[in-house]
Amino acid sequence: MTSSTPTDKKARLKEWRLQQRALARSNFPLADDRLQHFFHRLDQILETASCTHSLTHAAAATADMGLTEDESEALFDWCEENGGYCDCEIAANTRQHWEQVRSST
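Residue numbers 0 to 104, in numbering that gives the first Met the number 0, belong to the letters of the sequence shown in order.
Structure below.
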């Protein structure tokens, strides 16, 4: 049995975290610039309209972007998987997940 030093354990943990972030990035439903546009557009809408605890405003943002039905469905599924069950949760939870994963190296 080989023993691991604290340095070895930290290195393995760091490698595992990098792999998990890469996996999360590969699950983004749209290209990074399109996700940025989506979150920006949703924020713009929510500046003047309150959350109705639905996906009404998120759907308006995807329509403004010209996303296909399949692209929108994939986006909404991904949002839900990452804490976005309504417009305000997408703007907060899902956006936070996206920002953390995209900025990590």
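Beta carbons are placed, not taken as given, at the ideal position from N, Cα and C, and that holds for glycine.
Alpha carbon of residue i to alpha carbon of residue j, nearest angstrom
{"i": "E79", "j": "Q18", "result": "22 Å"}
{"i": "L74", "j": "L29", "result": "7 Å"}
{"i": "F38", "j": "E68", "result": "18 Å"}
{"i": "Y84", "j": "S53", "result": "7 Å"}
{"i": "R20", "j": "T51", "result": "32 Å"}
{"i": "A60", "j": "R24", "result": "22 Å"}
Local conformation of residue i per DSSP, three classes
{"i": "P28", "result": "coil"}
{"i": "N81", "result": "coil"}
{"i": "C87", "result": "helix"}
{"i": "L12", "result": "helix"}
{"i": "L17", "result": "helix"}
{"i": "A48", "result": "coil"}
{"i": "S3", "result": "coil"}
Buried/exposed call for residue i, threshold 16 Cβ in 10 Å
{"i": "H56", "result": "buried"}
{"i": "W97", "result": "buried"}
{"i": "A90", "result": "buried"}
Which listed residue (the options) has its alpha carbon closest to that of residue i
{"i": "C87", "options": "E46, R33, S25 and T61", "result": "E46"}
{"i": "N92", "options": "A62, G82, T51 and R11", "result": "G82"}
{"i": "L66", "options": "S49, A48 and R40", "result": "R40"}
{"i": "Q95", "options": "E70, Q35, E72 and A48", "result": "Q35"}
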